[in-house]
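Novice: The structure under discussion is supplied below as structure tokens; questions concerning it will follow.
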Amino acid sequence: MKDESTDKGQHNTPMLDELEGGKWPSFVTGLKRLRDNQDAKYAPMMNDLLGQLEHSYEERLGFWKGGTVSVLGYGGGIIPRFSEVADKFPASKEFHTLRVMPPAGYHYSTDLLRQMCDIWEEHGSGLIAFHGQSGDIMFQGTTTEGTQKAFDALNEIGFDLGGAGPALRTAMSCVGHARCEQSCYDEVRAHRTLINAFLDEMHRPSLPYKFKFKFSGCANDCVNAIHRADFAVIGTWRDDIKIDQEKVKEHVATVGRKYTIDTVVSMCPTRAISLNDDDTLEIDNQSCVRCMHCINVMTKALSPGDDKGVSILIGGKRSLKVGDLMGTMIIPFMKLESDEDFEKLEEFGETVIEFFADNALEHERIGETIDRIGLPAFIEAVGVDPDPNMVNHPRTSSYVRTDDFDEEAEKWFARKAAEAQISAE
Amino acid sequence: MKDESTDKGQHNTPMLDELEGGKWPSFVTGLKRLRDNQDAKYAPMMNDLLGQLEHSYEERLGFWKGGTVSVLGYGGGIIPRFSEVADKFPASKEFHTLRVMPPAGYHYSTDLLRQMCDIWEEHGSGLIAFHGQSGDIMFQGTTTEGTQKAFDALNEIGFDLGGAGPALRTAMSCVGHARCEQSCYDEVRAHRTLINAFLDEMHRPSLPYKFKFKFSGCANDCVNAIHRADFAVIGTWRDDIKIDQEKVKEHVATVGRKYTIDTVVSMCPTRAISLNDDDTLEIDNQSCVRCMHCINVMTKALSPGDDKGVSILIGGKRSLKVGDLMGTMIIPFMKLESDEDFEKLEEFGETVIEFFADNALEHERIGETIDRIGLPAFIEAVGVDPDPNMVNHPRTSSYVRTDDFDEEAEKWFARKAAEAQISAE
Amino acid sequence: MNQQAEKPRMPDEVGVPDPFPYMHPVMKANYGNWDWHDRPRPGVLHHVSKSGDEIWTVRAGTQRQMDVFTIRKLCDIGDQFAEGHVRFTTRSNIEYMVSKEEMVQPLIDELQANGFPVGGTGASVSMISHTQGWLHCDIPGTDASGVVKSLMDVLYDEFVQEKMPNRVRITTSCCQINCGGQGDIAVNVQYTKPPRINHDLVANVCERPAVVARCPVAAIRPAMVNGKPSLEVDEKKCVACGACYPPCPPMQINGKEETRIAIWVGGKHSNARSKPTFHKLAVANLPNNPPHWPEVAAIVRKIVSTYKKDAKHWERMGEWIERIGWSRFFEKTGMAFTKHHLDTWTGARKTMNMSAHVHF
Amino acid sequence: MNQQAEKPRMPDEVGVPDPFPYMHPVMKANYGNWDWHDRPRPGVLHHVSKSGDEIWTVRAGTQRQMDVFTIRKLCDIGDQFAEGHVRFTTRSNIEYMVSKEEMVQPLIDELQANGFPVGGTGASVSMISHTQGWLHCDIPGTDASGVVKSLMDVLYDEFVQEKMPNRVRITTSCCQINCGGQGDIAVNVQYTKPPRINHDLVANVCERPAVVARCPVAAIRPAMVNGKPSLEVDEKKCVACGACYPPCPPMQINGKEETRIAIWVGGKHSNARSKPTFHKLAVANLPNNPPHWPEVAAIVRKIVSTYKKDAKHWERMGEWIERIGWSRFFEKTGMAFTKHHLDTWTGARKTMNMSAHVHF
Ligand code: SRM
Ligand code: SRM
Ligand code: SRM
Ligand code: SRM
Ligand code: SF4
Ligand code: SF4
Ligand code: SF4
Ligand code: SF4
Ligand code: SF4
Ligand code: SF4
Ligand code: SF4
Ligand code: SF4
């Protein structure tokens, strides 16, 4: 082992050096740039950081431990890291991360980015990630003292901490409306409306466990919401797919009949598409499940309908305790255009968070709560009526007590009558 | 209520009489024919039987209870029934059923049927079902004394009792080889080989619970084996589907292109079929899962391959305790042509039954045992190597201890090498 | 037993009989050698062997629970018009095999003249699979023969023609154990109340630990009632499955009003296209209403006619519903979707829609 | 803290910032009004608005964990060639939006000249999703940045071209918690041994009931060890998941040799065609071998190239495997199928093949 601790200069990093080759941009080269910026306050820290990292590569073990660090007024948003090998690498003995919420949809001007760089050179290590897996800008590497200063400076330019711990977490939304024709609702507005309404839950962690929102403009789900959010908002539409049959014919003429059958007709999950003998498409919209596939393939000929809105799925998470869960379809359709629509969404978000706060066990995600108490109890608690879209199919088990079936059925019929009434008006 | 018990003549059956109308053959009319056959010994029994049944229709309750009745040398095969309302309907106070195994594939000569009728008029009620849901001929309605006599007579003409209780049960096999071009193995031989090898388990019940075999010649599964058998044997093939492209063209010419795409190409579960521009079919046999659909639609143009054999699925049952289970694919392919092949099948059947006898809890079906101990433990116990066809997909949960992964992998590679060796030879 | 001298006859354990002695000669000759088939008309199959041999099969409905007179009548017809060989199908239909096409029509005529409907092939509603019910079983909640007769009367036309999108296979079961199994439509008893316990009898009749072990939700516990060992049911936990009743008849699960009928849809055994599936709850709590079960019949009819009108060729009931979506299925059939349709049993999670796939 | 007079600054809880001030003007003007798009070349998207406006997006790879110099370099390029607006994607790629087609090529040239690969669009292998690893996390078994760098070096060509059947989304995770989530290919830490407990520390560091509660298989129980309150693990039950380690660091789950890598395949987030799926185990027990993880890289490469050669257009990794069957997947990629591939977790029953569908 190299004698790093006694060497006052730069640590040897032979293993890390190996990662400077290859064509992909190298994070090691970047770290070294920071280390080598001898004027900067952070240079010694980054030298020791590289030293500790090399040590990890040698030992194949991590050497950070957690702790408690926060900024004034907030209980979360900082990931504190203290080195377990600070004796060898003293300058990086504190190496905390600030999780900062980016503009919804990740839009930046170069100007803004430069401001952020400046702040982080001043108060931190100069190492920033765009973005963490939950969507935060991660300002990585500062002392306990630097944490507050960096936050203050970022807060001054309009940025706020994201979530950590048992709290509302930073959300993500896809580029959507800003640049994507598939987008079925205003993701920026939905994202900001919901998160900004519940900031208190983010900044002062007091939920049973983490709670994440994610927003995708359509079922392509470019932010992985269904797997990775407790509350996923996915754009969809209720009316028919829009078809431009001339463009369909052009597409078939270009790629061929067989290829069209194999990549569009055969790939529709519900056999909703049929190719007519004149090379136009027949789409059975009642069978279509809004999966996006055919629209993705024929971007010019096909597009989502006009009666757009969102579906809400609840309960996605990774594997701790019960195993991975994806969100379950709870609200098949919610219109999301008018101010009232957005208010309704916010109200529903609040109901769900309150349910979670009141009913989840400690360290239990909402998906696990639903799993524990059952879907019927959950939807009743959050005031949602049963809908066939919530399930792949109705129950297959006869182990249920149905003596109140008729009363339950009456609710459905009353609801359907009321809906018919409304749509007739 | 009508005063049936004091009336020495025929019971009034106003509700049952209602079931004599309508176009479908009426079981009530049949029962009455027996009742009205005044010369026959069974007429009074059938009169009271009708009386008790009418009583059930009025009360909406059943009035039979079980008991213990058997024939000499056997512990099972009889379903004993004693009336709980024998005071009112004394002549049918005993109304036992003999479960008798039919010829494999349910073939009868009229002559044989007449012999059976004669025996059952002599010793029973004259009421016979072809067949029960497990495939037995059910000779329904006799006294404890009649049971033995009927059995003796049936046994004389070459028939034997089926299963009841915690025992090997009567099996079923589809018409298959006898009249069906889809059949991939000799169902009669498989059916008789297996059941006749384990008759002891049928006639002297000593298993933890019931155990059923079912045999279908192909994946159409005309005897519902996968859902309803503990051990399902399903015909399949390993090589390519046979295509007669001229007949394909004829088919397309007859029903049309669009219809062919919609009913064949789009309906293949694995997108293995593509329609060429010249109206021939391209089948990707490596993707084909032998579902039978395309072959069913184009009976003249397509047929199963030549390298035929069987798959074995284990663990089907209905819902008691754990909920419904279907059989799990345990042996994806077994050749079933030579005498040795049939011996191997028999050996495997024996292994599975022994495993069941030794490992199942009381009143536990083998599917539940697998569920309880896990598939890896089960296949190890019955000496079968893991195969991807056993599962829809490999595990999604990381909760498993894999430190012996490399050794397990070695087994696979060794096996594959040996197989390659064999097929190279 | 008494002073009887005769030695008792010991059984000849012959096992499963060899079918070849009873099989139609053309089938025997072409065993394993068939080439293709078609269906010249409803109720008739036409199979052609690689040898060139042909055989026509005429399928007819029976009441399954047959008196010997019915059987002999069927034999008479077989002797006169069909070469003396028959078989019964998985669904208790009878099949006559004839080796000449010209024998088909007279055979059909004779069957029909005698009240046996010819059909049940291809895309028809075949005979409903049958269980024992009040006629014979010791635990039934309803009568299978009666339900089946009532329904087949209603579905008669769909048996004798092939106008469905694909075959429709209906099952009935007279208690929740469901000997009838899965079906495109399944008409099953559904209990609605916990068992009523006759405490006086439990001690004598029931092996208590075995009964406790049978309960799928561990709702039964041993208890002393009126100083006698008996059993107690936690009614909050009990799912009214009736599993405790067979091993312990004093735990009466049936009741004149409490025993109800549920209808399930979309079970499938074949592996054609989609994998086999379990049937799913359509409607529960229908009255158990002999002798015609009109409420049940009305719903079965509605489901069948909706499927007939709406499904694509070759789609089975469940496949059709998966395509159009369960919302539309409930809408089109006029049934209600309730919280009871949301699965709560082991593995329920896997029945939830964890995707953005949605039907409108 | 000390005699400081200044009143501490209280945060301005601004929440999620409004993106419009930073958004490219063409995107702002056409917000919610786009019509269609195509991809003129790998790494470039071309979106057309209903208003007729057009925008070209050039996507380039970054190392995510960026030093300010890299960021400023990207800004320089943006100022000079791309109108000063950028965004980062879900996968930490940077996107430059330009309003004129002729700006595309110079931008690409400049990015490439500065070592930023242009690509990641359409049917390519995009940037691997990233977690923290040894660089920052307190529980990691490996280094995410290093694994990602090693793999992206190997997959570089597939990033800059669109020659895959569909997009390939790879994730890495540096412990079994898997912050990286599901992927077409997921490269995850897999622990192989139960935790080694430092009993001296447990009493002071760990809230014992909370730790006991975290274990998914109830393998942990409180115990007195050497007279101190500690915890004990039932090694027969323990599935080596590591869930006890974060709340109780003295339950060390990592080890130089014991921490291993598993590769999973067929996870999918989109709802296109098939519903979203979880990834499935391909191979476990690969060595955790910095700095290049060659064993991992070799397998990832093999999987990617097999998919590339074999899958049909638009089939994602998992869809391709489902079509050809898992047997063939293992055969073609030269990996082993073992008993560990058979699921044993809750709901395992539903992963079994309960059908006669079989691949040969
Ligand atoms: C006679 C019988 C077998 C027997 O040994 O008794 C039989 C005979 C044939 N079946 Fe079957 N099936 C028979 C019960 C079944 C069952 C079991 C059941 O009904 O309980 C099934 C499974 C049903 C299910 O999935 O729940 C069954 C699923 C099929 C299928 C698959 C259809 C599908 O698309 O799902 C085919 C394929 C077809 O229709 O071409 C088939 C095809 C056939 C063919 C065409 C096979 C052939 O080439 O000869 C036979 C004539 C079918 C017809 O009626 O048109 N048979 N078939 C059974 C007649 C029952 C009846 O009287 O109605
Ligand atoms: C007669 C028959 C119904 C019919 O009318 O066709 C029948 C009748 C009975 N079944 Fe069954 N089962 C019959 C086929 C089935 C089938 C279908 C099959 O074999 O394909 C099943 C579903 C498949 C399966 O094996 O799971 C079936 C699943 C059951 C069960 C539930 C088993 C489970 O594990 O869920 C029970 C309850 C039990 O065994 O404790 C049961 C129990 C019974 C008992 C013995 C009730 C009892 O415990 O006293 C019934 C006797 C009725 C009687 O008086 O004759 N029967 N039973 C069928 C047997 C006739 C024959 O031998 O051919
Ligand atoms: C920029 C980005 C959204 C963002 O807000 O940052 C984005 C942008 C687009 N996605 Fe995406 N997707 C983005 C992440 C994702 C993700 C999430 C991820 O990668 O972690 C997914 C889910 C992946 C999965 O299933 O695991 C995703 C699944 C899709 C799909 C579905 C593909 C499929 O067949 O399964 C489409 C449809 C398509 O390709 O036409 C799509 C289509 C698109 C389109 C074509 C939408 C449009 O009309 O503009 C955009 C260009 C795609 C391209 O790269 O060619 N996008 N897209 C993300 C770019 C990530 C990257 O740099 O690689
Ligand atoms: C930084 C980040 C990885 C990255 O490099 O991108 C991360 C890092 C950590 N995650 Fe995570 N998670 C990160 C996104 C995720 C995601 C992805 C997502 O949000 O889409 C998931 C999967 C989705 C989910 O929420 O389940 C995820 C699932 C977890 C879990 C498992 C939760 C579960 O219920 O299964 C834990 C463990 C826990 O919370 O106890 C965890 C815990 C952690 C901790 C706090 C480990 C710990 O307990 O000390 C890690 C801190 C590392 C560090 O030093 O910064 N992290 N974590 C991501 C957050 C950055 C950001 O704010 O943008
Ligand atoms: S999720 Fe849909 S709307 Fe959002 S960027 Fe992806 S394709 Fe566009
Ligand atoms: S969006 Fe999906 S489900 Fe709807 S028609 Fe297109 S491919 Fe089919
Ligand atoms: S299961 Fe297959 S082989 Fe047997 S009768 Fe049915 S279609 Fe023919
Ligand atoms: S048998 Fe089934 S899986 Fe195979 S090609 Fe035909 S339809 Fe497809
Ligand atoms: S379903 Fe129930 S009542 Fe009917 S025969 Fe089977 S066990 Fe008896
Ligand atoms: S009816 Fe079923 S759930 Fe209720 S006590 Fe009996 S066995 Fe248990
Ligand atoms: S995957 Fe594990 S080690 Fe990596 S960042 Fe997440 S919690 Fe930390
Ligand atoms: S590693 Fe996982 S399974 Fe083992 S003791 Fe810890 S929490 Fe339990």
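Protein chains in written order, with the UniProt record's numbering: chain S, 1 to 425; chain A, 1 to 425; chain G, 1 to 360; chain D, 1 to 360. All residues carry an ideal CB built from backbone N, CA and C; glycine is no exception. On a predicted model such as this, the values are computed, not experimentally measured, just so you know.
(1) With which residues is Phe-215 (chain S) paired in a DSSP beta bridge?
(2) Considering only residues of the same chain and omitting the five flanking positions on each side of Leu-168 (chain S), which have a CB-CB separation below 6 angstroms?
(3) Between S:Lys-242, S:Ala-164, S:Glu-368 and S:Val-233, which lies nearest to Val-188 (chain S) when the distance is taken from Cα to Cα?
(4) What three-state label does DSSP hand Glu-4 (chain S) in the structure shown?
(5) Could you tell me which chain S residues have their CB closer than 8 angstroms to the CB of Trp-56 (chain D), listed as they occur along the chain?
(6) Whole alpha helix (DSSP H) runs in the region 32-79 of chain A with 4 or more residues, listed along the chain?
(7) Given this structure, state the Cα-to-Cα distance separating Gln-161 (chain D) from Lys-309 (chain D), to the nearest angstrom.
(8) Would you list the residues sitting across from Tyr-209 (chain A) in a DSSP beta bridge?
(9) Figure out for me which residue from G:Leu-201, G:Pro-21, G:Gly-52 and G:Ala-336 has the closest Cα to the Cα of Ser-99 (chain G).
(10) Taking C-beta pairs closer than 9 angstroms, name the residues in chain C that Ser-355 (chain G) reaches, listed in chain order.
(11) Please list, in chain order, all residues of the same chain as Leu-107 (chain D) whose beta carbon is under 8 angstroms from its beta carbon, the five residues on each side excluded.
(12) At the level of alpha carbons, what is the spacing between Leu-53 (chain A) and Val-202 (chain G)?
(13) Taking the C-alpha atoms as reference points, what is the distance between Val-175 (chain A) and Ser-92 (chain G)?
(14) Apart from the five residues just before and just after Ser-270 (chain D), which ones in its own chain have a Cβ nearer than 8 angstroms to its Cβ?
(15) Excluding five sequence neighbours on each side, which residues of the same chain lie with their C-beta closer than 6 angstroms to the C-beta of Phe-330 (chain D)?
(16) Which residues of the region 197-224 of chain D have a Cβ closer than 9 angstroms to any Cβ of chain A? Give them in chain order.
(17) Find the residues of chain D that neighbour Lys-350 (chain G), judging by a C-beta separation of less than 8 angstroms, and give them in chain order.
(18) Can you list, in chain order, the residues of its chain with a C-beta nearer than 7 angstroms to that of Asn-178 (chain D)? Leave out the 5 residues immediately preceding and following it.
(19) Can you name the residues of chain S whose CB is closer than 8 angstroms to the CB of Val-265 (chain A)?
(20) Any heavy atom of ligand 2 closer than 7 angstroms to the CB of Arg-228 (chain A)?
(21) Can you pull the chain A residues whose beta carbon is under 9 angstroms from the beta carbon of Ser-327 (chain D), in chain order?
(22) Does ligand 5 have even one heavy atom less than 7 angstroms from the beta-carbon of Gly-181 (chain D)?
(23) What's the call for Asn-254 (chain G), buried or exposed, on a 16-neighbour Cβ count within 10 Å?
(24) When we look at the beta-carbon of Glu-368 (chain S) and count the other beta-carbons within 10 Å, is it buried (16 or more) or exposed?
(25) Which residues does DSSP list as the beta-bridge partners of Gly-309 (chain A)?
(26) Using C-beta distances below 8 angstroms, list every residue in its chain close to Ala-153 (chain S), excluding the 5 sequence neighbours before and after it, in chain order.
(27) Note down, in chain order, every chain A residue with its Cβ under 8 angstroms from the Cβ of Arg-271 (chain S).
(28) Is Lys-228 (chain G) helix, strand or coil when you go by DSSP?
(29) Taking only beta-carbon atoms, is Gln-286 (chain S) less than 8 angstroms away from chain G?
(30) Assuming Ile-373 (chain S) contacts Gly-315 (chain S) under a Cβ cut-off of 8 angstroms, what Cβ separation, rounded to an integer in Å, is found between them?
Specialist: So, from the listed chains and residues:
(1) Paired residue(s): S:Ser-173 and S:Val-233.
(2) Same-chain partners within the cutoff: Phe-198, Glu-201, Met-202 and Phe-211.
(3) Per the Cα distances, S:Val-233.
(4) Note on Glu-4 (chain S): pLDDT 43, under 50, position unreliable in the model; no value is reported.
(5) Chain S residues near Trp-56 (chain D): none, gap ~11 angstroms exceeds 8 angstroms.
(6) 43-59
(7) Near 15 angstroms, if we compare the C-alpha coordinates of Lys-309 (chain D) and Gln-161 (chain D).
(8) DSSP, once it has assigned bridges, lists no residue as partnering Tyr-209 (chain A).
(9) G:Gly-52
(10) Given the protein chain composition of this structure (S, A, G and D), no chain C is represented.
(11) Val-58, Ile-77, Phe-81, Ala-82, Tyr-96 and Val-98
(12) Cα to Cα, Leu-53 (chain A) sits roughly 27 angstroms from Val-202 (chain G).
(13) The straight-line gap separating the alpha-carbon atoms of Val-175 (chain A) and Ser-92 (chain G) is approximately 13 angstroms.
(14) Pro-276 and Arg-316
(15) Within the same chain, Phe-330 (chain D) has close Cβ partners Phe-337.
(16) Listed in sequence order: Pro-216 and Val-217.
(17) The answer, in chain order, is Gly-347 and Lys-350.
(18) Asn-188
(19) Ile-261, Val-265 and Ser-266
(20) yes
(21) Pro-332, Asp-387, Pro-388 and Asn-389
(22) Because no heavy atom of ligand 5 lies under 7 angstroms away, the Cβ of Gly-181 (chain D) does not count as near it: no.
(23) buried
(24) Glu-368 (chain S) is classed as buried because its beta carbon has at least 16 other beta carbons within 10 Å across all chains shown.
(25) A:Thr-236
(26) Ile-119, Glu-122 and His-123
(27) Asp-262, Ser-266 and Met-267
(28) strand
(29) Answer yes: the Cβ-Cβ gap between Gln-286 (chain S) and chain G drops below 8 angstroms somewhere.
(30) Actually they do not touch by this definition, with Cβ atoms about 12 angstroms apart.
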